[in-house]
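One structure below.
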Amino acid sequence: MTVNAAPALETGMHGGESLIPAPRWLGLLDTVAIAILNISLIAQVLLIFSSTILRSYTNSPLIVGAAETAHAFLVTISFLGGAVSYSRGNFVAITFLSDRMPLRLRPFLAALVEWTVILVTALVGYYSIPLVISNVEETTIVLGISYVWMTVPITLGCALFVLHAAVRLSRLPVPAIVAAAFIPALAVALFLMSQDALGQNVHALYVTLAGMFLLQLILGIPIGFILATTGIVCVLSSQSADMVAVVMNAQRGSDGFILLALPFFIFAGFIMDRADIGSRIVNLIVALIGHVRGGLLQVMVVGCYLGSCISGSKAADMAMIGIPMSKQLEEEGYPAPERAAVLAAAAAMSESVPPSIALILIGSATGISTGALFIAGVLPAATLAIFQMLLIRVRASMFGWKPRPRAPLSRVISTGRSAFFPLLLPVILIGGIVGGLGTPTEVSTFAVLYGLLLGLLYRKFTLASFWQTMTNASMLNGMVFFTVSMATVFSWALTLEGVTASLADFVSHFGPTGFLLSVIVIFVLVGAVLESFVTIIILAPLLMPVAMSLHVDPLHYGIVMAEAFGIGVVLPPIGIALYVACKITGARVEPTSRILLWYLSVLVIGLFVLVAFPSITTILPSLLNVKG
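Counting with my numbering, you get residues 725 to 1352 for the letters of the sequence shown.
This is the structure we're talking about:
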């Protein structure tokens, strides 16, 4: 889940304030960066799409080597896109506590964030230069692409990060800038003095890392930079590697052909939103089940399930269904907190609905077949949806929510025609994977082009609106991939220190059922603090060997993990998706949180049912002969 939750630092305030425009020269740099990102995005989609279509007819090196362009593209998204995305306030931070601090402290907190960004990106950018130099002579095997292009975006992106942070810092009150500068300066000085001692005392190092992490979280530092600073301190304290190795692991975090599915499905989600696909799906579901008890809330659950089959992005799913549904629910008298709670819980439920971004990352991080995860996630999400819909039915009776009149057959037919082509997309996606027509990455390009075709058919796109859609996708991709790169550094650092091995050893003693229950607890709690994609990169590969040693089906492990993530990211009071649901529906967080606990309770019960009956997860892959 992503949300503009990072501080709007130009004003010294947290998210929700309008950002002051950047200087013209910096705006020009951003414009160039956005052009590079957008053109690269559409070019990469067309390249992979073409290679998929032509694969059966030619053995051209260009087609065979298409995957070699992925790394340079993803690194560019991570750092160049990350820098521009950060400048627009798109980075995720937990501001629940910092937002409640006195107003006079907020410029200081804003300055502290900017100093942290400058320190981290200047350090990474500086040590990327030796890597650029060492890559000059290296090229890819098929296309001969210089490895310089895998590293230069890190240097340029970090420079752009520093420029933006410095400009935003200059707009804050001077006392706040000076006072905030003492914190990182003091932290660096203390680290240099105690570096050797921390390396020799593991327990002191662990306490220091945990304290750093929690303090930065409380202060509202964006998640990506918390992971970066903690990982860097861990590596340098243990002296097990140097800063060049840190940069190499940040670069490695954006490598892998399967990861291309992530920006492509995010892009497809924005296209579907622009094409107004959600309202067509909503209208059909309302016509079909709007007349049952709590019908419109039931529509929201089913709509989120079907919407998730199209975009894969939780934010896009919530907006696609929540925006058209919220107005209808308000007209029918459903209270705003109830609307927000159902939307948030439905988003949690849909975490395993293909083509979920969480499933793509689980497949990339663990080696489990992403296509098999897509198929395995269909019934578990439906099971949780049924539990949620049963609770809605009970609450509808308790509070006297009256159903709508049954829609006439003519309306069902007309809305069915309108929604036919949008609902054909999930069939194409899943059918393409199951039928062996392409990998999830290759099929994701069909989603992009099919969505664009629908947008043109429905006359929702102009050249300007399409460019803006690409820009929105590039900004979200930048935030996601920069954070994934920093999560890779964090995970690698903890692995070097043996922290991850100790956790894996601890949970391995619980037995298969106890292990899965511990996975639920860990990922719900960690998912409430960190984004699901961050948690996946850090913990999914760590616990995979434990699952295998306990003979837990890898597909079952992945789906239980994904659904636990979903619950975590809406868990009050800091679950990020909760705030998105409240923003969409106009509800207040506090009353929504109280109602949401009812819905989360039944989702947890449903998750326990999945643990008890693994066949719910494995039956479809078995029937279709798809292996994890």
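The C-beta atom is built at its ideal place from N, Cα and C for all residues, glycine as well. Treat the numbers as computed from the prediction; the structure is a model and nothing was measured.
Exercise for the section: Work out the CA separation of phenylalanine 1239 and phenylalanine 1230 for me, nearest whole Å. Expected result: Roughly 10 Å separates the two Cα atoms.
Practice task
Report the residue ranges of all alpha helix (DSSP H) runs contained in full by the region 1131-1180; include only those spanning at least 4 residues, in chain order.
Solution key: The qualifying runs are 1133-1158.
Practice task
Look at the Cβ atom of valine 1250, then the Cβ atom of leucine 1263, and state whether they are nearer than 8 Å.
Solution key: yes
Exercise for the section: For serine 1273, count neighbouring Cβ atoms within 10 angstroms of its own Cβ and tell me buried if that reaches 16, exposed if not. Expected result: exposed
Practice task
Taking only the alpha-carbon atoms, compute the straight-line gap between threonine 1341 and aspartate 1277 and give it to the nearest angstrom.
Solution key: Going from the Cα of threonine 1341 to the Cα of aspartate 1277 covers about 9 Å.
Problem - Start-to-end residues for the alpha helix (DSSP H) that takes in asparagine 1375 - result: No information on residue 1375 is available, as it lies outside the stretch 725 to 1352 that the chain covers here.
Exercise for the section: Would you kindly check if the distance between the Cβ of serine 811 and the Cβ of histidine 927 is under 8 Å? Expected result: Against a cut-off of 8 Å, the Cβ pair of serine 811 and histidine 927 comes out as no contact.
Problem - Through-space distance from histidine 1280 to proline 1338, alpha-carbon basis - result: Roughly 6 Å between the two C-alpha positions.
Practice task
For the alpha helix (DSSP H) containing proline 877, list its first residue and its last residue.
Solution key: 876-894
Exercise for the section: Answer with buried or exposed for isoleucine 1099, where buried requires no fewer than 16 other C-beta atoms within 10 angstroms of its C-beta. Expected result: Answer is buried; the Cβ neighbour count reaches 16.
Exercise for the section: State the Cα-Cα distance for the pair leucine 983 and leucine 765, rounded to the nearest angstrom. Expected result: In a straight line, the C-alpha of leucine 983 is about 13 Å away from that of leucine 765.
Practice task
Could you name the residues of the same chain whose beta carbon sits closer than 6 Å to that of glycine 1046, not counting the 5 residues immediately before and after it, in chain order?
Solution key: Leu1067, Ile1308
Practice task
Using 10 angstroms around the beta-carbon of methionine 996, count the other beta-carbons present and answer buried if the total reaches 16, otherwise exposed.
Solution key: buried
Handout entry: Distance cut-off 7 Å: isoleucine 1157 Cβ against heavy atoms of the ligand NAD
Key = With respect to the ligand NAD, the structure shown offers nothing to examine, as it has no ligands at all.
Exercise for the section: In the DSSP assignment, find the unbroken alpha helix (DSSP H) run with histidine 1280 in it and report its ends. Expected result: 1278-1292
Exercise for the section: Rank Arg1130, Ala796, Gly1057, Thr1219 by C-alpha distance to the C-alpha of leucine 867 and give the top, closest one. Expected result: Among Arg1130, Ala796, Gly1057, Thr1219, the Cα nearest to that of leucine 867 is on Ala796.
Exercise for the section: Mind checking which residues open and close the alpha helix (DSSP H) that includes arginine 748? Expected result: 748-778
Exercise for the section: Determine the direct distance from the alpha carbon of threonine 793 to that of glycine 955, and round the result to whole angstroms. Expected result: 28 Å
Problem - Chain-order list of residues whose beta-carbon lies under 6 Å from that of methionine 1268 (same chain, five-residue window excluded) - result: Thr1090
Problem - Collapsed DSSP secondary structure at threonine 863 in the structure displayed - result: strand
Practice task
Note down the Cα distance separating alanine 1217 from cysteine 958, rounded to an integer number of angstroms.
Solution key: 6 Å
Exercise for the section: Would you decide whether tyrosine 1058 is buried or exposed? Buried here means 16 or more other CB atoms lie within 10 Å of its CB. Expected result: buried
Exercise for the section: State the beta-bridge partners of serine 870 as determined by DSSP. Expected result: Thr863
Handout entry: Backbone secondary structure at asparagine 1007 - three-state DSSP
Key = helix
Practice task
Return the residue from the list Trp873, Pro1146, Gly1202, Met1194 that minimises the CA-CA distance to leucine 1178.
Solution key: Pro1146
Exercise for the section: Please confirm whether leucine 1200 and asparagine 814 have their CB atoms less than 8 Å apart. Expected result: Yes, Cβ-Cβ distance for leucine 1200 and asparagine 814 is below 8 Å.
Exercise for the section: Would you identify the three-state DSSP class for alanine 729, choosing helix, strand or coil? Expected result: Confidence at alanine 729 is low in this model, with a pLDDT of 37, below 50, so its placement is unreliable and the value that follows should be read with caution. Alanine 729 falls in the coil class under three-state DSSP.
Handout entry: Local conformation of glycine 1057 per DSSP, three classes
Key = coil
Practice task
Please state if the CB of valine 1204 and the CB of alanine 952 are separated by a distance shorter than 8 Å.
Solution key: no
Exercise for the section: Taking only runs that begin and end inside the region 972-1034, name each unbroken alpha helix (DSSP H) of 4 or more residues, in chain order. Expected result: Segments of the alpha helix (DSSP H) lying fully in the region 972-1034: 985-998, 1001-1013, 1019-1032.
Exercise for the section: Pick out the complete alpha helix (DSSP H) segments inside the region 883-955, 4 residues or longer, and give them in chain order. Expected result: 898-924, 926-943
Exercise for the section: For leucine 1012, count neighbouring C-beta atoms within 10 Å of its own C-beta (all shown protein chains included) and say buried if the count is 16 or more, exposed if not. Expected result: buried
Exercise for the section: Would you check if there are 3 or more beta carbon pairs closer than 8 Å linking the region 972-980 to the region 858-873? Expected result: no
Exercise for the section: Just the C-alpha distance for arginine 892 and serine 775, rounded to the nearest angstrom, thanks. Expected result: Roughly 43 Å between the two C-alpha positions.
Problem - threonine 819 (DSSP reduced to helix, strand or coil) - result: Three-state result, threonine 819: coil.
Exercise for the section: Give the DSSP-derived three-state secondary structure of leucine 1344 in the structure shown. Expected result: In the structure shown, leucine 1344 sits in a helix (DSSP, three-state: H, G or I).
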